[in-house]
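Let me begin by presenting the structure, written as structure tokens, before commenting on it.
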Amino acid sequence: MNRPPEDILLEINGLRTYFFTEEGVVKAIESIDLVVYKSETLGLVGESGSGKSVTALSILGIVPDPPGKILQGEVIFHGQDLRKLSDSDMRKIRGNQIAMIFQDPMTSLNPVFTVGDQISEAIMLHQKVTKKEAREKSIKIMSLVGIPSADERVDNYPFEFSGGMRQRVMIAMALSCNPELLIADEPSTSLDVTIQAQILELLKATSEEFDMSIILITHDMGVIAEMCDRVAVMYAGYICESGDIMIIFKSPYHPYTRGLLGAIPRPDAEREDLTIIRGAIPNLINPPSACRFHPRCDYWMEGLCESVLPEVLEIESGHKVRCHIYSDAGKAWMQKHGEAREIGKIPKSAVGK
Ligand code: SF4
């Protein structure tokens, strides 16, 4: 369901980000419109290469340039377009009001500084505190994220922590300035299953405690089901479907969403109940025309889907889909060809989520 406009924390309109490489122009994000409400967890889901991480980097204005470039669009946060801010104003927002955690904490932590120094540095960058106060805050936040003996471990180096504990350090660093929005890019993917569950549980608890919104990037629909209030499904640089978690899981409208849901393994599902989305995510230097999903889609309407980009349609309040099955052009195609393109039953493996 749509919430009132005053509940919007972040709004992305018409975002387009390309990478100009020697091989050609990678059209990573073609057109993204997205809203994040206050205190919600929004899942951004899709296969690797769908543009989820580039969306996150674009929000924060840290797309590596060159070769990357944000070509158009707005990223509105608290009523101001982040794209129009100077580098120094943007630095005040990054890590302070909007923080990010990455999949592999080892690439984000500096191996030659203690974790305490690194968390303290993040605190001192944005808050007027002494070194001693920053250290005390670091210990407090490390305890809060479940690092035992934080007053001793504050002086340890990243290599002295396990993978799960390092991710807790990253979360501590991200939370240290009490951000309003946390972007978590596959925060548990590199961890084993039990630690994954702990990290996700920690994110859930801290989002409630800090009254913080989260954009959770993942390729795992199971994680989305556990964690999110709403979900946006991305495919090859577009959002193909978005809405409340319950609606999307019970009534997926887009063939790609349907495929992702059908691929969730469940203990009671037979192997043949699982859906396979044939083919692979396209090369975005030369992506398929119009609907980029058409070469993989079982519902492809030849002559239409590969020639006309479907518009985003709001099927019901807050539930949006980009697919010709629901467009007037699609309905005209079905009538002309005498072929129905009904989205059938919900995949068995997704029922009950
Ligand atoms: Fe499939 Fe056509 Fe819908 Fe694209 S627009 S998802 S090809 S039915």
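Residue numbers (this note's numbering): 92 to 444. Positions of the beta carbon are idealized from the N, C-alpha and C atoms, including for glycine.
Taking each of Leu162, Leu400, Asn187, Ile290 in turn and checking the Cα distance to Pro270, the smallest one comes out for Asn187.
Gly164: member of the beta strand (DSSP E) spanning 159-168, first to last residue. Distance from the C-beta of Phe250 to the nearest heavy atom of ligand 1 is not below 6 Å.
With at least 16 other beta carbons inside 10 angstroms of its own, Phe168 counts as buried. Nearest to Pro373 by alpha-carbon distance, out of Phe252, His385, Ser199, is His385. Non-local C-beta neighbours of Thr348 in its own chain, meaning closer than 6 Å and more than five positions away in sequence, comprise Val324, Glu332, ordered along the chain. Taking one beta carbon from each stretch, the stretch 248-260 and the stretch 187-197 have 3 or more pairs nearer than 8 Å; the two touch. With distances taken between CA atoms, Met337 lies nearest to Arg321 out of Arg321, Leu352, Tyr109, Tyr329. Spatial neighbours of Ile150 in its own chain (CB-CB distance under 6 Å, excluding positions within 5 residues in sequence) are listed in chain order as Val166. In terms of Cα proximity to Val260, the closest of Pro202, Pro95, Lys223 is Pro202. Considering only Ile376, Met312, Ala327, the residue with the shortest C-alpha distance to Leu352 is Met312. With respect to Leu375, Ala190 sits apart: the two C-beta atoms are not nearer than 7 Å.
The straight-line gap separating the alpha-carbon atoms of Leu282 and Arg357 is approximately 21 Å.
Rounded to whole angstroms, Val116 and Phe110 show a C-alpha spacing of 6 Å. With contacts defined as CB atoms closer than 7 Å, His410 and Leu395 fail to qualify as a contacting pair. With 16 or more other CB atoms across the displayed protein chains lying within 10 angstroms of its CB, Lys228 is buried.
Taking 8 Å as the upper bound for CB-CB distance, Leu266 and Ile232 are in contact here, some 6 Å apart. When C-alpha distances from Ser179 are compared across Ala316, Gly152, Leu365, the shortest belongs to Gly152. Pairwise C-beta distances place the stretch 282-295 out of contact with the stretch 95-113, as fewer than three of them are shorter than 8 Å. At a Cβ-Cβ threshold of 7 Å, Gly207 and Asp242 do not count as neighbours.
When beta bridges are read from the DSSP output, Ile274 appears opposite Met191, Ile306.
Between Ile262 and Val220, the beta carbon gap of about 20 Å keeps them out of contact (Cβ cut-off 8 Å). Within its own chain, the residues whose Cβ lies closer than 8 Å to the Cβ of Met215, once the five positions on either side in sequence are excluded, are Lys222, Ala225, listed in chain order. When DSSP states are grouped into helix, strand and coil, Ala423 belongs to the helix group.
Inside the stretch 94-150, DSSP marks whole beta strand (DSSP E) runs of 3 or more residues at positions 99-111, 116-128, 132-136, from first to last along the chain.
Residues of the same chain with a CB within less than 8 Å of the CB of Asn377, apart from the 5 flanking positions on each side, are Gly115 in chain order. For Gly334, the closest of Ala327, Gly328, Tyr326, Pro343 by C-alpha to C-alpha distance is Pro343. Beta-bridge pairing by DSSP links Lys411 to Ser333, Glu405. When DSSP states are grouped into helix, strand and coil, Gln258 belongs to the helix group. Here the C-alpha atom of Ile315 lies approximately 31 Å from the C-alpha atom of Asp419. For the 7 Å CB-CB criterion, Leu162 and Arg107 form a contact. The Cβ-Cβ distance between Gly328 and Gly142 falls below 7 Å. Using a Cβ distance threshold of 7 Å, Ile192 and Ala275 count as a contacting pair. Residues Pro373, His385, Pro386 of the same chain have their beta carbon placed closer than 6 Å to that of Pro379, with the five preceding and five following residues left out of the count. Residues Ser130 of the same chain have their beta carbon placed closer than 7 Å to that of Asp302, with the five preceding and five following residues left out of the count. Excluding residues up to 5 positions away in sequence, Cys331, Glu332, Val412, Cys414 lie with their Cβ nearer than 6 Å to the Cβ of His345 in the same chain.
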